[in-house]
Amino acid sequence: MGAAHCNADSCCSSDDRPDGSAPAPTAPEASHEEELVTAMSSVIRPGRTNTLLDQLQGKWKRHEDSCEMGVVRGSKLIWGASFMYTDTESRIIEAGPDKVLMTLEGESYEGEVLRGKRSLKIRWSDGEVWVLD
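Position in the sequence shown (first residue = 1) + 7 = my numbering.
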């Protein structure tokens with residue numbers, strides 16, 4: 008899903024490039040305040056339900072090459088700047104225990120949420136695996 012539309016200049020390492028060139032500079036890292044807001048959005052809060060979507064909030068990277076895929080905010084994935092999709096956002100919905108659905112440019116993808124000791128991943132129906140950063 009992401010590899011077909013990724014602008015390699017902004018996320019891939021030189022080892023992945025056919026010509027061995029270095030990637031173009033990327034945008035600066037998020038500020039400390041933005042990192043805290045992202046971290047706090049996934050914390051279980053007393054008196055609040057902790058839905059699957061609550062747990063998926065934050066920045067996601069492709070497991071294979073650490074390319075930034077986008078940020079989940081609420082029930083939307085905001086695609087990273089390196090992706091050249093017509094739509095800059097995709098809606099994500101819960102489809103059952105540890106299952107999510109997302110539509111991108113008219114095609115639906117099902118994701119299985121995988122929980123590790125210190126990581127959260129989504130394995131998409133097209134084979135891509137994303138990791139919560």
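The beta carbon of each residue, even a glycine, is placed where N, CA and C say it ideally should be.
In this text, all values refer to a predicted model and were calculated from it rather than measured experimentally.
If you measure between the beta carbons of residue 75 and residue 87, is that distance less than 8 Å? For the purposes of this step, residue 75 is identified with residue 68 of the sequence shown, where counting begins at 1. For the purposes of this step, residue 87 is identified with residue 80 of the sequence shown, where counting begins at 1. Yes, the Cβ-Cβ distance between residue 75 and residue 87 is below 8 Å.
Neighbourhood of residue 67 by C-beta distance below 8 Å, restricted to the same chain and skipping five residues each side: In the sequence shown, counting from the first residue as 1, residue 67 sits at position 60. Within its own chain, the residues whose Cβ lies closer than 8 Å to the Cβ of residue 67, once the five positions on either side in sequence are excluded, are 75, 76, 77, 78, 79, 84, 129, 137, 138, 139 and 140, listed in chain order.
Report yes if the C-beta distance between residue 111 and residue 117 is below 8 Å; otherwise report no. For this step, residue 111 is matched to residue 104 along the sequence shown. For this step, residue 117 is matched to residue 110 along the sequence shown. Not in contact: residue 111 and residue 117 (Cβ atoms no closer than 8 Å).
At which residue ranges does the segment 70-111 contain complete beta strand (DSSP E) runs of 3 or more residues, listed in the order of the chain? DSSP runs (the beta strand (DSSP E)) wholly in the segment 70-111: 75-80, 83-86, 96-103 and 106-111.
Between the CA atoms of residue 122 and residue 135 - distance to the nearest angstrom: The residue you call residue 135 lines up with position 128 of the sequence shown. The residue you call residue 122 lines up with position 115 of the sequence shown. Using only the alpha carbons, I get a separation of about 16 Å.
DSSP three-state label for residue 44, please. For the purposes of this step, residue 44 is identified with residue 37 of the sequence shown, where counting begins at 1. In this prediction, residue 44 has a pLDDT of 43, which is less than 50 and means its spatial position is unreliable; nothing more can be read from the coordinates.
Rounded to a whole number of angstroms, what is the C-alpha to C-alpha distance between residue 131 and residue 90? Here residue 131 corresponds to residue number 124 of the sequence shown, with the count starting at 1. Here residue 90 corresponds to residue number 83 of the sequence shown, with the count starting at 1. Those two C-alpha atoms are separated by around 17 Å.
Return the residue from the list 59, 92, 8 and 73 that minimises the CA-CA distance to residue 82. Taking the first residue of the sequence shown as 1, we reach residue 82 at position 75. Residue 82 has its Cα closest to that of 59, out of 59, 92, 8 and 73.
Give the C-beta separation of residue 105 and residue 8 to the nearest angstrom, bearing in mind that I take them to be a contact with Cβ-Cβ under 8 Å. Stepping through the sequence shown from its first residue, residue 105 is reached at position 98. Stepping through the sequence shown from its first residue, residue 8 is reached at position 1. Here residue 105 is actually not in contact with residue 8; their C-beta atoms are around 19 Å apart, not less than 8 Å.
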